[in-house]
DNA sequence: TCCCCCGGTGTAAAGGATTACACTACACTG
DNA sequence: CAGTGTAGTGTAATCCTTTACACCGGGGGA
C-alpha cells in the first residue's frame, strides 16, 4: 500500500549492480564506468532515491552542518554576519544551524543546538565569562570564537579591532570639537565590544591632554531607545556650541539622531555624530551616519573557513584573526 | 594516546550494566530502578558520554530538527518571525535550520538545507510559482507553507489576511482624506502579499465610489529606498492639501517618512501615512508609524506546531490557518 | 504449593549507508 | 605465454544506538 522510501538496495537491484557501485556513483563517480553510472543515475531518478543522511553521517562521521550562536537575531549587525557566514558555508558545502541566546549559560547554548549533529561550532559571545567560554569550547571539537575577548583556552578566534576604529572616530571628532564637548554613548558595560570602544575613546581623549569627565562616557545598551534617552537629557542642556558624540553602535546613534530631530538640534551643524558597525541602518538614516565599519562579511566568511579548516586538520595550530575596522565619514559628522 | 569519544558500551561496562539499560536511563528512565539509574548517570558523567546523534536518528528516524526557509535574513519582519519560530521549536524539543533564498528555484531550496537531516520543513515563499511550490512540498513529508497564495497541493498552510488589514488601513485614510489623494506604494508585483494589499486598497477605493488612477497605485520593492524614491517624485508635486499614503510595508513607509522630512512635509498634518507589518521598525520611527500589524509571533509558533503535528500524525487532514491582521493607529496618521 | 504477573535487566536484531578488501577480466610487457 | 597492472565491480564489515523480545526472580492470589 504505502510505498516505503527507496533504499540504496532498491536502486542497486533496479540498476543491476551492487550497493557499493550505487554509493560510488553518488560519492566518487570517477571510479565507475560511464555506462554503469548512467544506468544507476537513471534508477535513482525513477525511484526518487535520496540517501539517508543519518546512515551516511553515521559512517562518515560528518554531517556537513555547522552551528552558529549569536547574541541575537535582531538588528542588521547579526543579519549581515549571518548572511555572510551562510554564504560561505554553502559555498563550502556546509549548512548552518543558528541559535540566538549566547548570553545565557552554556547549558542553554548546548540545548539550543543539535550538538550531536554538528561538525563544528561558531560562537559569538560578547560577554566574556571565562567559565562559559570554557564550556562552549568543550562543546565540539571544532570551535571558532568570535569576539570573546581574552581567554586562556586553545581555540580559534576572530577579534574585532574595536580600539583602532574607536580611535579613528574619536580623532575625527576631536578635530572638529574640543575634547570637553566630546561624548561617548556606550553599550552595556558587561559587553566586551562596548568596553573596548569606550576605553579607546577615553584613551584618545587622554592623549589629547583631556581627562574625560564621568558624564562624558556613559554605558547603557545597544539600542536606539538608550541613545534617544541619553540624548534627550544630555543634549537638551547643551549651549549652542557644537557637540560631538561617538555612539557605541549605529542603533544608539540612530536614537540620538531622533532625539536631535525632536530637540531641533541640527546635524551635523550643532551635533557631530559617529556610530559603529557600518551596518545597513547607517546608510538609511537622515542624514547618513558616519560610522566605524566592521567587516561583517569578512568576519562571517572567515569564521566559517577557520572552522572548516579545523575540521579538516584537528591538530593544526590555533589561530587568532583580527578583523580591522575603518572609519567612514558621512554627512552626520562633517 | 588520544582518548576516543566514549561509546554507550563504555558507559555500560563502567556501570556494570548492558547497553540497553544505559539507553533506557537516557530515554525512558521510568523503566530503570533508581539505584541502577544513579550508577549509570554517574558513569555517563565521568566519561563525558554524549550519545551519537546519527546512530540515534538512524534508528529513531527522527532528528528533531526542522528546516525553515525565508525570503531573506534581513529586516525586522523575518527576524521576528524567526525568533517566534525558534522559541516555539525549542519549547517542543526541536531545533531549527534556517535558509534564506526562497525566491530562488526549488533546487536551491533543496541545496540550501540539509534535507536528509530534517524531520520537517517550513517554507515562506511569497512568489507563488506553482511548480516551485509543488517541488518544495515534495521535499519533505511534513511541510508547512506560509503565505504562498493559492495552490493545488495538499499541504498545511498559513495565510496572512492581507486583505482585511489593507481594507482597515484604507478606510482609516479615506476617513481623513478624499479618495483622489490616497495613494498606495506597493511592493513587488510578483509578490503575493504585495498584490493582495494593493488589490484590497483598490477595492476599498472602488467601494467608496472612486476608481483609482494608475498613479495612485505603484509597485516597487519592499525597501526604504523605493519608498523614498516614490515620495520624492510623487509628493514634491503635491499641492498643500493633505495626502494619504498606504505603504505596502513598514520599510517603504520609513523611506517615505524620510522623504517627507527632506521635503519639509509635516507628518501627519500634510501627509497621513500607514505602513504594514507592525515590526519593530514601526515603533522607532518619528513620528511613530501607524501600521497593520501582522502577528509574526503567532505565525511563527503556529507554523511550528502545524509542522510538528503533521510529523506526529502524517495522515491527518491538511489544515489552512489564517493569521488575522489589525490596524494600529499611531501618530503618523492622525 | 503452584502459577501468574511484573519490575528490572540482558541479548541481539535492526536501521541504511560507506568503504576496505577481494576479485575478475582484460590489456600489456618482456 | 607467463606475469603484472588496472579499471570496474561485489562482498561484507562497520558506524552506534534503540528496542523487540526473552529471561529471571520474587510477591501475591487461588
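Chains as they are written, first to last, in the numbering used here: chain A, 4 to 337; chain B, 4 to 337.
By construction, the Cβ of each residue, glycine as well, lies at the ideal position given by its N, Cα and C atoms.
Predicted, not measured: the structure shown is a model, and the values here were computed from it.
Non-local beta-carbon contacts of residue 65 of chain B in its own chain, meaning distances under 6 Å to residues more than five positions away in sequence, involve 122 in chain order. Looking at A:118, A:15, A:31, the one whose alpha-carbon comes closest to that of residue 43 of chain A is A:15. Annotation: the continuous alpha helix (DSSP H) that includes residue 59 of chain B extends over 56-63. Contact between residue 124 of chain B and residue 70 of chain B holds, since their C-beta atoms are separated by about 5 Å, short of 8 Å. For the region 276-299 of chain B, the residues whose beta carbon sits under 9 Å from a beta carbon of chain A are, in order, 283, 287, 288, 289.
No Cβ of chain B is located within less than 8 Å of the beta carbon of residue 157 of chain A. In the DSSP assignment, residue 102 of chain B falls within the unbroken beta strand (DSSP E) covering 98-102.
Considering only A:312, A:299, A:8, A:218, the residue with the shortest C-alpha distance to residue 186 of chain A is A:218.
The Cβ of residue 119 of chain A sits closer than 8 Å to at least one Cβ of chain B.
Taking residue 80 of chain A as the centre and dropping the five residues before and after it, the same chain places the C-beta of 280, 282 closer than 6 Å to its C-beta, in chain order.
Sequence-distant partners of residue 234 of chain B (beyond 5 residues in either direction) whose C-beta falls short of 6 Å from its own C-beta, in its chain, are 259, 262. Secondary structure remark: continuous alpha helix (DSSP H) runs of at least 4 residues inside the region 180-229 of chain A, in chain order: 195-210. In this chain, the alpha helix (DSSP H) harbouring residue 16 of chain A covers 11-18. Our two residues, residue 336 of chain B and residue 276 of chain B, have alpha carbons roughly 5 Å apart in a direct line. Sequence-distant partners of residue 211 of chain A (beyond 5 residues in either direction) whose C-beta falls short of 7 Å from its own C-beta, in its chain, are 177, 182.
Residue-level contact by beta carbon holds for residue 54 of chain A and chain B, with a gap shorter than 8 Å. Excluding sequence positions up to five before and after residue 207 of chain B, its CB lies within less than 8 Å of the CB of 169, 170, 173, 174, 177, all in the same chain and listed in chain order. The three-state secondary structure of residue 257 of chain A, taken from DSSP, is helix. From the beta-carbon of residue 89 of chain A, the residues of chain B found nearer than 7 Å are 103.
Counting along the chain, residue 85 of chain A sits inside the alpha helix (DSSP H) bounded by residues 78-94.
When Cβ-Cβ separations below 8 Å define contact, residue 177 of chain B makes no contact with chain A.
Distance between residue 333 of chain B and residue 297 of chain B, taken at the CA atoms: about 16 Å. At a C-beta separation below 7 Å, residue 69 of chain A has no neighbours in chain B, since its nearest C-beta there lies roughly 10 Å away. B:250 is the residue among B:38, B:243, B:214, B:250 whose C-alpha sits nearest the C-alpha of residue 199 of chain B. Across the structure, residue 190 of chain A and residue 77 of chain A are spaced so that their CA atoms are roughly 16 Å apart.
Residue 334 of chain A does not reach chain B, its nearest Cβ partner there being about 12 Å away, counting only Cβ pairs nearer than 8 Å.
For a Cβ distance threshold of 8 Å, residue set 289 of chain A lies close to residue 265 of chain B, ordered along the chain. By the neighbour-count definition (other C-beta atoms within 10 Å, threshold 16), residue 253 of chain B is a buried residue.
Take the alpha-carbon of residue 22 of chain A and the one of residue 225 of chain A: they are about 56 Å apart. By the neighbour-count criterion, in which 16 or more other beta carbons inside 10 Å mark a residue as buried, residue 62 of chain B falls on the exposed side. Membership of residue 44 of chain B in the alpha helix (DSSP H) is indicated by the continuous run 37-50. The residues 39, 42, 43, in chain order, have a CB closer than 8 Å to that of residue 20 of chain A in the same chain once the five nearest residues on each side in sequence are set aside.
Exposure of residue 321 of chain B is indicated by the presence of fewer than 16 other C-beta atoms within 10 angstroms of its C-beta. Per DSSP, residue 250 of chain B is not a residue of any alpha helix (DSSP H); the beta strand (DSSP E) it occupies stretches across 246-250. At a C-beta separation below 7 Å, residue 93 of chain B has these neighbours in chain A: 115. Residue pairing by DSSP places residue 171 of chain A opposite no residue, since no beta bridge is assigned to it.
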